[in-house]
Every structure is written in C-alpha cells, then in structure tokens.
Amino acid sequence: MLLDAMEQSTGWQRVSAATAPMSTPNFTRPILQPLDDSPDTLLISPDQRIGRPITESQEVDGIRILDAIAPLERAKYFTHNVASRLEVLQAWEGAVIDVRRNEGTFTAQLYDLNNPGEAISEAEFDIQDVSSNDIGLLKEGSIFRWMIGYRMHSFGQRERVSAIVFRRLPNWSAEDIKAAVAEGGRIAEELVVL
2 MLLDAMEQST GWQRVSAATA PMSTPNFTRP ILQPLDDSPD TLLISPDQRI
52 GRPITESQEV DGIRILDAIA PLERAKYFTH NVASRLEVLQ AWEGAVIDVR
102 RNEGTFTAQL YDLNNPGEAI SEAEFDIQDV SSNDIGLLKE GSIFRWMIGY
152 RMHSFGQRER VSAIVFRRLP NWSAEDIKAA VAEGGRIAEE LVVL
C-alpha cells in the first residue's frame, strides 16, 4: 500500500486523526489528506513528531506541492526573482552598416570602449543574437553596445554572457533637424568673441 511504502522510505508515521498533534503550536494542519480508505488516518512527518515548524502546501497550476514532502519537486514550479549584475570584460559601441535579413546576419562598425585608441573594426553578427525587445531597432545606422563578461547571480552562479543592447534614440524628423540648425545659428550669432 502507498502509505506503508511512504512510512518505510521517508520516516513519516501514520497516526489516528484523533491523536494527531493538532494542539502543537507549530502544526498548522495535516500535511496530507487521507490516502487510504480510512478518512480518520493522517500521515505526519518526522518534523511534526518533534515539534519543528512545517511549511504549508502551495498550489501551482492545479498541482498541490507540499514543501515538507517534495522540496525538489516544488523548486521546479516556482521561479525566483534573483538579482544579478554584469561584470563587463570587454565592451564595444557599434553602428549597424548593413542588415541582411535573408541571410540572418548584420554587419557593424565597432569602436572599442576599453581601448579608445584602437582602430575602428568591423564585425558580422547573427540576427538571432539580438533580443526580441531590440529586433525592431535593427536597421542601418542603429547604435548598439556589445558587451562580453560574467553575469554574477546573487545565489553564487557565474555565467559567461555576450549581450547586444540597442540604444533607444528619439526619432528626429526633418523639421526637428531644421529647427535645431536654425536655433544653433541664432545662438552662434549672439555669441560675442572677446
């Protein structure tokens, strides 16, 4: 029977519902509903027998996950908001010069941010390297930053990453540019050279 197997393999104990330690302050409720034909039989954990607190069960997508029984199973269903930081080893500022969507690539000129004296280089990237949030910004003339480094997660995981992030610049219309040039000319005329 399932209950017998659980008792033998986990240390859980079958007790009468009438004698279950319901008065223990740390016991919040029976961890399992009755699993056999007897509605007054409960299964209690070793932690309950010695008075340690028991975490209540949680329901995820219609699946009841019991913390005290299946902590590893529960971990599959819960995501954690984990802070991370990027330790940049190398960074470039890039400008897209050619997009070949049918080939799935784009070419860009790269300016080395770590070594500003270096010559401008050219590189080809896969369009798949661009995140879905930035794919609409991929066109000739777009400016982006390419970073290579380690993502350090708060739980200790270290992950090598290469990230391409496009700069979100305002769209300047021809009228905006003409107005800016006119304003610049007006300011230049007002300047007094001493």
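Under this note's numbering, the residues of the sequence shown are numbered 2 to 195, in order. By construction, the Cβ of each residue, glycine as well, lies at the ideal position given by its N, Cα and C atoms. The structure displayed is predicted, hence computed values, not measured ones.
In the DSSP output, what is Asp113 paired with across the bridge? Start at 1 with the first residue of the sequence shown, and residue 113 comes out as number 112. The partner list for Asp113 (beta bridge, DSSP) reads Trp93.
Reference Phe107; option with closest CA among Leu138, Ser155, Ala84: Sequence index remark: in the sequence shown, residue 107 carries index 106 (1-based). Checked all of Leu138, Ser155, Ala84; the closest Cα to Phe107 is Leu138.
Where does the unbroken alpha helix (DSSP H) through Ala183 begin, and where does it stop? What you label residue 183 is simply residue 182 of the sequence shown in a count that begins at 1. From DSSP, the alpha helix (DSSP H) with Ala183 extends over 175 to 191.
With 16 other CB atoms within 10 Å as the buried threshold, where does Ser39 fall? Along the sequence shown, read from residue 1 onward, the residue named residue 39 stands at position 38. At Ser39 the pLDDT is 48, less than 50, meaning the model places this residue with poor confidence; the figure from the coordinates comes in the next sentence. With a 10 Å radius around the Cβ and a threshold of 16 neighbouring Cβ atoms, Ser39 comes out exposed.
Return the first residue and the last residue of the beta strand (DSSP E) that Phe145 is part of. Taking the sequence shown and counting its residues from 1, one reaches residue 145 at position 144. Element bounds for Phe145: 144 to 154.
If you measure between the beta carbons of Ala109 and Gly95, is that distance less than 9 Å? As a working mapping, residue 109 is identified with position 108 in the sequence shown. As a working mapping, residue 95 is identified with position 94 in the sequence shown. Between Ala109 and Gly95, the C-beta spacing is below 9 Å.
Can you tell me whether Leu139 is helix, strand or coil according to DSSP? By one-based count along the sequence shown, residue 139 stands at place 138. Of the three classes helix, strand and coil, the one that applies to Leu139 here is coil, per DSSP.
Mapping DSSP to helix, strand and coil, what is Ile128? If you number the sequence shown from 1, residue 128 lands on position 127. In the three-state DSSP reduction, Ile128 falls in the helix class (H, G or I).
Whose C-beta lies closer than 8 Å to the C-beta of Ala180 among residues of the same chain, with five residues either side of it excluded? Counted from its first residue, the sequence shown places residue 180 at position 179. Contacts found: none.
Three-state secondary structure assigned by DSSP to Ala164: Taking the sequence shown and counting its residues from 1, one reaches residue 164 at position 163. In this structure, Ala164 counts as strand in the three-state DSSP scheme.
Cβ pair count under 8 Å reaching 3, the stretch 175 to 190 against the stretch 114 to 133: The answer is no - the stretch 114 to 133 does not touch the stretch 175 to 190, with fewer than three Cβ pairs under 8 Å.
Taking only the alpha-carbon atoms, compute the straight-line gap between Asn116 and Arg86 and give it to the nearest angstrom. Here residue 116 refers to the residue found at position 115 when the sequence shown is read from its first residue. Here residue 86 refers to the residue found at position 85 when the sequence shown is read from its first residue. Computed Cα separation, rounded: 23 Å.
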